[in-house]
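Peer 1:
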Amino acid sequence: MKHYHIRAVVRGNLLRGTISAEDIQSALKTFSKKVADGVIKVTEGPGFYQKRRTLVTYEELKTDGTTRVDSAEVKS
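Using the numbering used here, the first residue of the sequence shown is number 5, and each one after it goes up by one.
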């Protein structure tokens, strides 16, 4: 079982959640169901993000809840 942090911008609304699943396809389906069921709520409303585009990003988390990117890999 893997853990994914998923961030989606839909109609200008930001949604974020952490999902446990076997692969990213299953995680995205679970994320979508949790949004539809109201478990995952809008974090930020319209205003800052574009309403015309839908953006989805995800990160696979390690078992301790951190991402695979460490500070030495990230460049400004």
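Using N, Cα and C, we set each Cβ at its ideal position, and we do this for glycine too.
1. Given that a residue counts as buried once 16 or more other Cβ atoms are within 10 Å of its Cβ, and exposed if not, what is residue 31?
2. Counting only the same chain and skipping the five closest in sequence on each side, list residues whose C-beta sits under 6 Å from that of residue 62.
3. Quick one: grab the DSSP three-state call for residue 55.
4. Considering just the uninterrupted stretch of the alpha helix (DSSP H) at residue 28, what are its terminal residues?
5. Given residue 48, which residues of its chain have a CB within under 8 Å of its CB, disregarding the five upstream and five downstream residues?
Peer 2: On the basis of the coordinates in this document:
1. With 16 or more other Cβ atoms within 10 Å, it is buried.
2. For residue 62, where only same-chain residues beyond five positions count, the Cβ hits under 6 Å are 8, 10.
3. Per DSSP, reduced to three states, the secondary structure at residue 55 is coil, with no helix or strand assignment.
4. Unbroken alpha helix (DSSP H) run through residue 28: 28-41.
5. Excluding sequence neighbours, residue 48 sits near 17, 18.
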